[in-house]
Structures are given as C-alpha cells and as structure tokens.
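> Dropping the structure in here first, questions after.
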Amino acid sequence: MTQHVSEVMTSAPATVEPQASVTAVARMMRDQDVGAVLVTEGERLRGLVSDRDLVVRALAEGGDPNRTTVAEACSEDLVTVGPDDDLTLVVQVMREHAVRRVPVVDDDQHAVGIVSLGDLAIERDPESALGDISAAKPNQ
Numbered sequence: 599m600t601q602h603v604s605e606v607m608t609s610a611p612a613t614v615e616p617q618a619s620v621t622a623v624a625r626m627m628r629d630q631d632v633g634a635v636l637v638t639e640g641e642r643l644r645g646l647v648s649d650r651d652l653v654v655r656a657l658a659e660g661g662d663p664n665r666t667t668v669a670e671a672c673s674e675d676l677v678t679v680g681p682d683d684d685l686t687l688v689v690q691v692m693r694e695h696a697v698r699r700v701p702v703v704d705d706d707q708h709a710v711g712i713v714s715l716g717d718l719a720i721e722r723d724p725e726s727a728l729g730d731i732s733a734a735k736p737n738q
C-alpha cells in the first residue's frame, strides 16, 4: 500500500523568521525538543536550520550567537516534497541530496510539515537501531 508524506510528517513544524538570533533558535530547539527549525518569511519557506548548522555555521565561526541571525546559519538551497507525495520519493530525495530532513510544502510553497530520517525509520523499520532511537523518549 502506498504511503504518503502526510502520514509520517511532523505537522505544524517549528518556524522562525530569518532575523531571529542563533541564541533564540537554539532555545526554541531546546524548549520544543527539535533538531531543526524551518526559516520562513511570512508564510513562505526560506530555509532550514539544524542544530548542526548552528554549531558549524555560527558558533564555530566565532560569531556572537546573540547577534548572528538564523539567516546567516540556515541552509537555503532546499529540496522539498509535498504532503501527497509517496514516501519512496522522500527516501530518494534524502539519498540524492544527502539530507536527513525534508520540508513539506503545499502548492503555494507554504511550509506544512517536515519529514525526518527518524520519521521514516519509525514507519518503515521500527525494529532498527535508528527506528528504536527515534521513537525513544528524549534524553534531556
């Protein structure tokens, strides 16, 4: 049976405006227990920032996290999928682009969700190490 992205994605993903500080985004990630936040301008998707992006593109460069904006740290060259796309397409996109998370957008390019490698592991191979770890309660 064909499965669609909408069946496994996280709906209503965490979003932030491009001018938000790296510190504010890091706190948002901590408080919402997420590893990635979508960067939106109005309702339009502009980028994605992961916890790794914050470390590699902002902190490791020696910038002041209170003054460095998320726009300076986010990935802007995104690949996206739609909520009605087949899960096979998401797997293919992740492999081709070596990404762990893919934003889900509607026809107007508004962010409606995000699907992660962990989401796919839980759905497709829940007994795998990744599926098991992804389904586990957060370690705070």
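Mapped onto my numbering, the consecutive letters of the sequence shown carry residue numbers 599 to 738. Where is the CB? At the ideal position from N, CA and C, for every residue including glycine. All values derive from a computational prediction rather than experimental measurement.
Determine the DSSP secondary structure at Thr678, reduced to helix, strand or coil.
Looking at Thr678 - three-state DSSP - the assignment turns out to be coil, as it is neither helix nor strand.
> How many whole angstroms separate the CB atoms of Val713 and Val603, which I take to be in contact at a CB cut-off of 8 Å?
So it is a contact: roughly 6 Å between Cβ atoms.
> Under the DSSP definition of a beta bridge, which residues are partnered with Ser619?
Its beta-bridge partners are Thr667.
> Measure the C-alpha to C-alpha separation of Arg642 and Val614 and round it to an integer number of angstroms.
Each residue's Cα considered, the two are about 11 Å apart.
> Pick out whichever of Asp682, Gly711, Glu674 has its Cα sitting closest to the Cα of Val702.
That would be Gly711, whose Cα lies nearest to the Cα of Val702.
> Going by Cα to Cα distance, which pick from Val668, Ala709, Cys672, Leu687 is closest to Gln617?
Of the listed residues, the one whose Cα sits closest to Gln617 is Val668.
> Considering only the alpha carbon of each residue, which of Cys672, Pro611, Leu687, Thr678 lies closest to Ser648?
Here the closest residue by C-alpha is Cys672.
> Name, in chain order, the residues that DSSP records as bridge partners for Pro701.
BP columns for Pro701 point to Ile712.
> DSSP on Val653, reduced to helix/strand/coil?
If DSSP states are grouped into helix, strand and coil, Val653 belongs with the helices.
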